[in-house]
Amino acid sequence: MTDPQIMLTERVQQALAAAFGPEHSDADPLIRPSQFADFQANVAMSLGKRLRRAPREVATELAAQLADFPGTVEVSGPGFLNITLDDSWIAAQAQAQLGDPLNGVVQGEPQRVVIDYSAPNAAKEMHVGHLRSTVVGDALARTHEHLGDTVIRQNHLGDWGTPFGMLVEHLVDIGEQAAVAQLEAGQGTAYYQAARVKFDSDETFKARSRARVTTLQSEDPETIRLWHVFMNATIAYFDKIYTQLQVTLTDADIAGESKYNPWLEQVCDDLEAAGIAVISDGALCVFPPGFTGSDDQPLPLIIRKSDGGYGYATTDLAAIRYRVDELKADRSLYVVGADQALHFRMVFAAAKMAGWLPDSVSFEHVQIGMVQGKDGKRFKTRSGESVKLSSLLDEAVERASAAIADRGYSPELQSEIAQAVGIGAVKYADLSVSHDSEYIFDFDRMIAFTGNTGGYMQYATARIRSIFRNGGVDVDAVNGPVLLGESAERALALQLLGFGAVISQVAELSEPHRLCAFLYETASLFSTFYEECPVLKSEGLIKASRLALCALTLRTLETGLSLLGVPVPERM
Ligand code: ARG
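In terms of my numbering, the numbers along the sequence shown are unbroken and rise by one, the last being 588.
Following this line, the structure appears as structure tokens:
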């Protein structure tokens, strides 16, 4: 089958080459959905300017080249091409898509894609920003895998640094068992605060903590054992959240900051030997060109502090080498807060200077916008603490359960549906807005069953399933043929043909919200179709065709939601 926008792009490019010369054969024909036709091509406007000819004339010549074409082409206004596809073409493509197990998704040359996501810090509460990174990163991982890419998940945990001296000493003080219980229960913030209070008020504790940093860095076996006790309990809590969230991350994907310790010295030595890093105020720094501070002075990327310690940037430089050389990444996505944009730009620039980041690989910061409370500030609890994620997810499920309480489900079914709806709502809310925009965390809007929400998408899917259940029809046995009589049938079929292109775009641009928008539009067009075109009450070929459209819609919604990582309950 062929996606209409891809078909149109190719055809208009051929027409461009035929009318104006082969040098135009890969110009972007600017195909867009249109209010007045199915699509419009806007290329004549810009091309006219370049050729110093009236765009309308250019458009007319293009239209003439599109003679043998599965639709009609009209020149409109100052030089737009309005394109309306033939019903028979749309029906044939929809029929082909029905027979395509990939539902129109086109797998390209497989790539190795490293995705750095989630990455909470061990000594602090995992916050909603990490939640959003986790959800968006997981959707990207699933989408790339669906496209045939090899995905290498990297959970770059904050598991190293000077605070760990104090955290390990606190563990010694309260006892391993008590510490593990507290950390596994997600009380990491209280644990950290208790350690901090002692550090600030108790000189002997402070001295012990400092000494512990030294033994940690020199990898004293007992200290490393204690650090593992601390980390394992912390990871057990993270895993609880990942399970609740139904994300694909596992412990095998953990590649925390500590992983890169053995290579940090080498990073500094290599950069210094190459003359890329220089000592400035006692610290070893790289000054990538083009970065200046507020005082117009070159901005340093510090890779070794004056006390000899390494930092976040050094670790990330080592991680870049590892991802390029060992993991053989073609692409590496960093799904991390937008507030770290400067850090990544500088680290990528430094790696390029060192020749560690060849032009053949693409390293990209997928910026995550801040999640805000209703007050427009960073999302916190009423008492000003960062929100505990496991309670937040529990609350989502409770609210979902209350929202469906009057539907008469058995208690087991109600809790199963509430789980899917609550978690799905939180995830969908993170995914449906562009990843770099800020948004306000609002349970009431998330759990709603109308609008572009998880609940609406789940409901739309369950409703189509019930058509097959009520009609006693096996959805896998449906095979058309697709006939397009009513305008609602045609609009739905045309929409469904866009699935493959949207999946490719999500992967290429790292923008899962495009898939949400597509699925929402699909569900809306299905609603209109379902109101206007009886399915089970129709007969013969019309019934067969309508069942085929239902089956295609169901598969599109189910596949789309599974790529987003949004669970779909069987019934709702
Ligand atoms: N732990 C960091 C944070 O919470 C995110 C790490 C992102 N990944 C990376 N390679 N720097 O801010």
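Backbone N, C-alpha and C define an ideal beta-carbon position, used for all residues, glycine too. Keep in mind it's a predicted model, so treat the numbers as computed, not measured.
Original post:
Considering only the beta carbon of each residue, do N594 and Q127 sit closer than 8 angstroms?
Top reply: The chain is shown from 17 up to 588; residue 594 falls before or after that span and cannot be answered.
Subject >> Inter-stretch contact (C-beta, 8 angstroms, three-pair minimum) for the stretch 77-86 and the stretch 114-133 >> reply: Inter-segment contact for the stretch 77-86 and the stretch 114-133 is absent: fewer than three beta-carbon pairs are separated by less than 8 angstroms.
**OP:** Look up R337 in the DSSP assignment and give the residues it is bridged to.
**Re:** DSSP lists no partner for R337.
Subject >> Enclosing alpha helix (DSSP H) for H162 [first to last residue] >> reply: Counted as a single uninterrupted DSSP element, the alpha helix (DSSP H) harbouring H162 occupies residues 144-162.
**OP:** Flag D332 as yes when its Cβ comes closer than 7 angstroms to any non-hydrogen atom of the ligand ARG, and as no otherwise.
**Re:** D332: yes, Cβ under 7 angstroms from the ligand ARG.
**OP:** Could you tell me whether any non-hydrogen atom of the ligand ARG is closer than 7 angstroms to the CB of H172?
**Re:** For H172, the CB falls within less than 7 angstroms of some heavy atom of the ligand ARG.
Subject >> Where S431 falls: helix, strand or coil (DSSP) >> reply: It is helical.
Original post:
If you follow the beta strand (DSSP E) that L349 is part of, which residue opens it and which one closes it?
Top reply: 347-353 is the extent of the beta strand (DSSP E) around L349.
**OP:** Return the Cβ separation of R148 and V403 in integer angstroms, given the expectation that the two are a contact with Cβ distance under 8 angstroms.
**Re:** That pair is no contact at about 13 angstroms.
Subject >> Alpha carbon of G514 to alpha carbon of A75, nearest angstrom >> reply: For G514 and A75, the distance between alpha carbons rounds to 25 angstroms.
Original post:
Rounded to a whole number of angstroms, what is the C-alpha to C-alpha distance between C566 and V489?
Top reply: Using only the alpha carbons, I get a separation of about 11 angstroms.
Subject >> Rounded C-alpha distance that separates A43 from Q29 >> reply: Cα-Cα distance, rounded: 7 angstroms.
**OP:** Tell me whether G353 counts as near the ligand ARG, meaning its Cβ is closer than 7 angstroms to at least one heavy atom of that ligand.
**Re:** Taking the Cβ of G353 as the reference point, at least one heavy atom of the ligand ARG falls within a distance shorter than 7 angstroms.
Subject >> Nearest neighbour of D154, chosen from L512, Q511, Q262, S217 [CA to CA] >> reply: For the residues L512, Q511, Q262, S217, the minimum Cα distance to D154 belongs to Q262.
Original post:
Can we count P427 as close to the ligand ARG, meaning its CB is less than 7 angstroms from some heavy atom?
Top reply: Outside the cutoff, so no.
**OP:** Give the straight-line distance between the Cα atoms of V608 and H244, rounded to the nearest whole angstrom.
**Re:** Outside the shown range of the chain, which is 17 to 588, sits residue 608, and nothing can be said about it.
Original post:
Cα-Cα, which of A157, M473, D311, V283 is closest to I590?
Top reply: Limits of the chain in this structure are 17 at one end and 588 at the other, which puts residue 590 out of reach.
**OP:** Have a look at G516 and D19 and give me their C-alpha separation to the nearest angstrom.
**Re:** Going by the C-alpha atoms only, they are around 7 angstroms apart.
Original post:
Hey, how far is the Cα of R530 from the Cα of E342?
Top reply: In this structure, the CA atom of R530 is about 32 angstroms from the CA atom of E342.
Subject >> Sequence-distant residues of its chain with Cβ nearer than 6 angstroms to G272 (five each side left out) >> reply: Cβ neighbours of G272 beyond the five flanking positions: L173, D175.
Subject >> Bounding residues of the alpha helix (DSSP H) (the contiguous stretch that carries L408) >> reply: For L408, the enclosing alpha helix (DSSP H) stretches over residues 405-419.
Original post:
Heavy atom of the ligand ARG less than 7 angstroms from the Cβ of P136, yes or no?
Top reply: P136: yes, Cβ under 7 angstroms from the ligand ARG.
**OP:** Taking 8 angstroms as the threshold, find out whether the stretch 90-104 comes into contact with the stretch 475-491 through three or more Cβ pairs.
**Re:** Judged by Cβ distances under 8 angstroms, the stretch 90-104 makes no contact with the stretch 475-491, as fewer than three pairs qualify.
Subject >> alpha helix (DSSP H) segment containing V184, residue limits >> reply: Start and end: 179-190.
Original post:
So what's D446 in DSSP terms, helix, strand or just coil?
Top reply: Helix.
Original post:
Where do the N-terminal and C-terminal ends of the beta strand (DSSP E) with H381 fall, by residue?
Top reply: Its beta strand (DSSP E) spans residues 378-384.
Original post:
Can you tell me whether V363 is buried or exposed, with buried defined as 16 or more other CB within 10 angstroms of its CB?
Top reply: Counting the other Cβ atoms within 10 Å of the Cβ of V363 gives 16 or more, which makes it buried.
Original post:
Whole beta strand (DSSP E) runs in the stretch 231-304 with 3 or more residues, listed along the chain?
Top reply: The stretch 231-304 is shown to contain whole beta strand (DSSP E) runs of 3 or more residues at 293-296, 299-302, in chain order.
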